Amino acid sequence: MFLGLLAVFFPLAIASHFFFPGVWTFVLCAVALVPLARLMGEATEVIAHKLGSGLGGLMNASFGNAAELIIALAALRSGHSDVVKASITGAILGNLLLVLGAAILAGGLKYPKQKFNMTAALSGSAIMFLALTAMSIPDLFHAVRGPAADKVIFPMSVAISVILLIVYALSLLFSLRTHAHLYAGEEDGAPEEMPVWSTKKASLVLLGATLGVVVVAEFLVHAIEDAIAAFGFTHTFVGVIIIAIIGNAAEHSTAILMALKNKMDLAFNIAFESSKQIALFVAPVLVLVSIPLGQHLTLEFSHMEVLGIAIGTGAATLIALDGESNWLEGVMLLGVYAILGVAFFFIP
């Protein structure tokens with residue numbers, strides 16, 4: 001299915017950019033990004049499996065959100081810093097609420113009760129609390145200090161970004177080495193889900209899909225303003241909901257498939273690990289990369305974005321507390337996501 005989508009929509013997206021740019025370019029690029037992100041994920045999984053648990057786990061973690069990072073870099077280069085911040089918020093909310101909620105609902109409709117490793121899930125939610133702290137401190141500092149904080153928000157964001165990257169590296173050490181047994185159940189079930197590719201083929205697929213994402217993301221960003229004008233969306237809604245759903249498509253489908261096979265450990269790990277990568281790796285990297293780009297991206301998010309992350313983290317943590325899930329809990333997470341989506345739709 002994904003290859004079929006790619007064969008149809010990728011050339012259409014390229015052609016639309018040159019022959020009928022605007023809204024259609026945005027729509028076609030958005031659809032084309034879904035199979036490209038999926039191919040990147042599958043190729044990364046194959047290469048990571050062949051490299052072994054150590055290097056493979058590191059590669060899988062590093063490339064897990066490559067599509068989101070590429071889209072955000074394209075938006076940052078074009079000066080859409082508000083869309084970049086909104087896409088970071090949306091990616092986190094999409095994983096914690098939409099991806100996890102859909103997986104729990106799908107699995108719950110097939111199995112009355114599904115179990116998962118509560119310790120691993122709660123360690124993920126603890127990391128997300130750290131991410132929430134990093135996103136809220138600059139906003140609170142600015143609220144307390146007022147205009148006097150303007151000069152220090154960016155240096156503060158750079159320092160916090162360095163701290164987040166260090167913690168991210170230590171969290172990889174925790175999950176891949178010192179406490180790898182907590183995630184053993186997920187690793188045992190993963191190989192059968194991967195395509196039968198050689199390392200060379202997987203590397204070529206990863207390279208080709210990455211180049212495709214770079215091109216399509218660039219065209220998508222150039223068409224954002226036309227799409228906003230045509231659909232009446234705001235920059236915040238486009239970043240938090242639309243771009244985030246596009247970037248999360250690969251994780252979404254995989255998490256649902258794992259839940260349907262009663263592998264909730266893997267479904268929870270996909271949601272929490274992807275959120276962790278966005279908050280502790282992608283966001284800090286974007287802040288640091290913004291320095292040579294001359295954009296000076298900060299970690300100061302809006303009050304609503306901070307509140308949304310707090311609500312999403314709290315909701316996912318509540319589900320993880322007892323180590324069991326059912327379909328109603330999935331509905332609850334999806335309901336929270338829908339409510340936040342309505343709120344972001346009306347934010348100017």
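With full-length UniProt numbering, the residue at position 319 of the sequence shown is 319, and numbering never jumps.
For glycine and all other residues, C-beta sits at the position ideal for the given N, C-alpha and C.
Only a predicted model underlies this, so the values are computations on that prediction, with no experimental measurement involved.
Please report the straight-line C-alpha distance between residue i and residue j, rounded to a whole angstrom.
{"i": "Ala283", "j": "Gly212", "result": "22 Å"}
{"i": "Leu165", "j": "Phe281", "result": "6 Å"}
{"i": "Asn326", "j": "Leu257", "result": "16 Å"}
{"i": "Ile71", "j": "Ser274", "result": "16 Å"}
{"i": "Phe9", "j": "Gly79", "result": "27 Å"}
{"i": "Pro21", "j": "Leu28", "result": "10 Å"}
Just to check my reading of the structure: residue i and residue j have Cβ atoms closer than 8 Å, yes? What is that Cβ distance to the nearest angstrom?
{"i": "His235", "j": "Val99", "result": "At roughly 23 Å, the Cβ-Cβ gap does not stay under 8 Å, so His235 and Val99 are not in contact."}
{"i": "residue 350", "j": "Ile270", "result": "As displayed, the chain neither begins before 1 nor continues past 348, which places residue 350 out of reach and without an answer."}
{"i": "Leu39", "j": "Ala209", "result": "4 Å"}
{"i": "Ala37", "j": "Gly247", "result": "7 Å"}
{"i": "Ala230", "j": "Val23", "result": "5 Å"}
{"i": "Phe219", "j": "Thr25", "result": "6 Å"}
Which same chain residues end up closer than 8 Å to residue i when comparing Cβ atoms and leaving out the 5 residues on each side of it in sequence?
{"i": "Ser125", "result": "Phe272, Thr313, Ala316, Thr317, Ala320"}
{"i": "Val306", "result": "Leu132, Met135, Ser136, Asp139"}
Assign residue i to one of three DSSP states: helix, strand, or coil.
{"i": "Gln277", "result": "helix"}
{"i": "Lys50", "result": "helix"}
{"i": "Lys115", "result": "strand"}
{"i": "Ser198", "result": "coil"}
Find the nearest neighbour of residue i within the set the options, judged by alpha-carbon distance.
{"i": "Met90", "options": "Ile241, Leu288, Ile127, Met258", "result": "Note that residue 90 corresponds to Gly in the displayed sequence, not to Met. Looking at the Cα atoms, Ile241 is the closest of the given residues."}
{"i": "Leu122", "options": "Phe344, Gly323, Leu260, His17", "result": "Gly323"}
{"i": "Lys263", "options": "Phe20, Ile70, Tyr111, Ile14", "result": "Tyr111"}
{"i": "Leu109", "options": "Val287, Pro292, Lys261", "result": "Lys261"}
{"i": "His303", "options": "Ala67, Ser161, Ala86", "result": "Ala86"}
{"i": "Leu340", "options": "Ile228, Pro292, Gly94, Lys151", "result": "Gly94"}
{"i": "Leu299", "options": "Pro11, Leu96, Ser171, Ile88", "result": "Ile88"}
{"i": "Ser198", "options": "Val27, Ile347, Ile47", "result": "Ile47"}
{"i": "Asn117", "options": "Ala267, Val289, Ala343", "result": "Ala267"}
{"i": "Leu172", "options": "Ala120, Val152, Ser157, Phe154", "result": "Ala120"}
Given residue i, which residues of its chain have a CB within under 7 Å of its CB, disregarding the five upstream and five downstream residues?
{"i": "Gly101", "result": "Gly330, Leu333, Leu334, Tyr337"}
{"i": "Lys115", "result": "Met264, Gly323, Glu324"}
{"i": "Arg77", "result": "Leu293"}
{"i": "Ser81", "result": "Gln295, Leu297"}
{"i": "Lys113", "result": "Glu324, Asn326"}
Apart from the five residues on each side of it in sequence, which residues of its chain come closer than 6 Å, Cβ to Cβ, to residue i?
{"i": "Phe345", "result": "Phe237"}
{"i": "Thr30", "result": "According to the sequence provided, residue 30 is Ala. The question's Thr does not apply to it. Closer than 6 Å at the Cβ level, and outside the excluded window around Ala30, lie Ile246."}
{"i": "His179", "result": "none"}
{"i": "Leu73", "result": "none"}
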